[in-house]
Amino acid sequence: MLPTAARLAAARVTLFTRANCGLCDTAKLTVTKLHKRRPFDYTELDIQLPSNKPWKDVYDFDVPVLHVQSVQSDASLSDPKKLFHRWTEQEMETLIDEAENKQ
């Protein structure tokens, strides 16, 4: 049996976003395009939800923000690589490569 794409993913990608944010909508499209052709674990966090208040305190005026880190790394011990506001599919893929230690 062949492994699924999710099991092959070696990078964890988190998009910090909010409602009514045009840059966030563009960022989601960029993430979706890359995710269609390359596996990675993906999570989207709305910083306006009460449960995400710690992230709102950090990124309130910076969304969208993208965190990329290795799946193997402990999230609390590893500083994620970050992109802010606007980024291309290529810039995102470069960070994923770095997180997967492919470079």
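What the sequence shown shows, in numbering that gives the first Met the number 0, is residues 0 to 102, in sequence order.
Ideal placement from N, C-alpha and C gives every residue a C-beta, glycine not left out.
Return helix, strand or coil for residue i, following the three-state DSSP convention.
i	result
R36	helix
D45	strand
Q68	strand
T16	strand
A98	helix
A108	Any property of residue 108 remains undetermined from this structure, which presents the chain solely from 0 to 102.
Grab me the residues of residue i's own chain with a C-beta within less than 6 Å of its C-beta, minus the 5 sequence neighbours each way, in chain order.
i	result
S69	A98
Can you round the beta-carbon distance between residue i and residue j to whole angstroms, since I take them to be within the 8 Å contact cut?
i	j	result
L28	R85	About 12 Å; that fails the 8 Å criterion.
D40	R11	5 Å
Keeping to the same chain, check which residues put their C-beta closer than 8 Å to that of residue i; ignore five residues upstream and five downstream.
i	result
K80	H66, V67, Q68, L94, E97, A98
P2	Residue placement at P2 is flagged as unreliable, the pLDDT there being 47, under the threshold of 50; the coordinate-derived value follows with that caveat. Cβ within range, chain order: n/a, list empty.
Can you find the residues in the same chain that come closer than 7 Å, C-beta to C-beta, to residue i, ignoring five residues on each side of it along the sequence?
i	result
Q47	R17, A18, K55
N51	L44, D45
Could you pull the start and end residues of the alpha helix (DSSP H) that residue i belongs to?
i	result
D56	52-58
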